[in-house]
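Here is the structure we will look at, set down as structure tokens.
As structure tokens, this is what we get:
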């Protein structure tokens, strides 16, 4: 078939899935199909598609659904039905596996962006809201106040709750980074070297993606921790993100974006008080020995590689070995063994962050899509 024949077949499918939608959803989806059909025609013709504008358009369609109170679930279902029909057309393709993978990836991206746009906070009068007012709204939501829609914007169904700590980064730089990736519905409450940001997000993966995009825009050293929560659970998200941030920094992890899964062992250890007490008892003999503590941290940061640890400390290898022997004598655990270094690492983390940790429950099982 020539490309025009492919497009004709695809439009026939598109009209079929649109026909069951009421207005204005049918017209909104039609505007997206105008971009989708040429992209999927390229796939059917064996050419490499260029879907960038189409995927971005799906987010715009989602935002239009939110702004116009148009149900987005039928549109997402229609998109999925369209893509399944395209896979059927590909069934006789010589390179079905590769083409099907492209279609599946496109379908996933389109639905994800549509849902992301649908869950994005709608800002009706952004120019009338000062940053100070946004800051107050963010602090109110983080503290658990029952903020209602209004005052120039709506509350999104769910948020990426991001805790931040940074060096050599201005507050305004962090705010701009968050707003550039999260859109006009972003709320921030930052001061000095840290704070929190609330970015509308449809699900946990979208929340993580937004945090990573924001992190890439930040100069200097910045640690971000993210928790996805429905709007009603924002205070729990604040606690979880704050705890993850404390654990990441207490464990001397590199500046990056962290989720609870990244520090799950440390989180579980801190949560279990009896284990925490035992671990603190192990590390206590080192608390009055700054050189030994510094050595332990260097060995942990070097994943047990003593040569790298000696370079970090700018000491001779024999000096390092002597300090490691002293650590074993004082703690009863060998930092040269895998088990020993993991145990001492957990003990050091507990000692560093335990006072800051409170443990919130996990997010509610119910989706925020409703």
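Residue numbers (UniProt numbering): 1 to 370.
Note that the Cβ used here is the ideal one computed from N, Cα and C, for glycine as well.
From a predicted model like this one, the values you see are computed outputs, not experimental measurements.
Asked	Found
Kindly indicate which three-state DSSP category residue 112 falls into: helix, strand or coil?	helix
Name the DSSP beta bridge partners of residue 229, please?	159
Between which two residues does the beta strand (DSSP E) holding residue 194 run?	194-200
Taking just the CA atoms, how far does residue 228 sit from residue 343?	30 Å
What is the DSSP secondary structure of residue 128, reduced to helix, strand or coil?	Reliability fails at residue 128, whose pLDDT of 47 lies under 50, so the model's placement of it is uncertain and the value that follows must be treated cautiously. Three-state DSSP puts residue 128 in a helix.
Considering only residues of the region 24-104, which uninterrupted beta strand (DSSP E) runs meet the minimum length of 3 residues and lie entirely inside it, listed in chain order?	none
Please state if the CB of residue 142 and the CB of residue 206 are separated by a distance shorter than 8 Å.	no
Between the C-alpha atoms of residue 246 and residue 240, what's the straight-line distance to the nearest angstrom?	10 Å
Locate the alpha helix (DSSP H) running through residue 191, then write down its first and last residues.	Residue 191 -> not in any alpha helix (DSSP H); beta strand (DSSP E) instead, spanning 187-191.
Could you tell me the distance, in whole angstroms, from the CA atom of residue 138 to the CA atom of residue 242?	15 Å
Please tell me whether residue 78 and residue 29 are closer than 8 Å, where the distance is taken between their beta carbons.	yes
Determine contact between the region 248-264 and the region 309-329, defined as no fewer than three beta-carbon pairs at a distance below 8 Å.	no
Mind listing, in chain order, the continuous alpha helix (DSSP H) runs of no fewer than 4 residues lying wholly within the UniProt domain "PucR C-terminal helix-turn-helix" (292-349)?	306-313 and 317-331
If you follow the alpha helix (DSSP H) that residue 242 is part of, which residue opens it and which one closes it?	234-250
Determine the extent of the alpha helix (DSSP H) in which residue 174 is found, giving its start and end residues.	171-182
Can you give me the Cβ contacts of residue 36 inside the same chain, cut-off strictly under 6 Å, excluding the 5 residues immediately before and after it?	54
Excluding sequence positions up to five away, which residues of its chain have a Cβ less than 6 Å from the Cβ of residue 167?	220 and 221
Go through its chain and collect everything with a Cβ distance to residue 211's Cβ below 7 Å, but skip five positions before and after it.	160, 162, 224, 226 and 257
Rounding to the nearest angstrom, what Cα-Cα distance links residue 302 and residue 321 in this structure?	15 Å
Anyone know if the C-beta pair for residue 341 and residue 282 falls short of 8 Å?	no
Taking residue 31 as the reference, give the member of 326, 244, 279 and 65 with the closest Cα.	65
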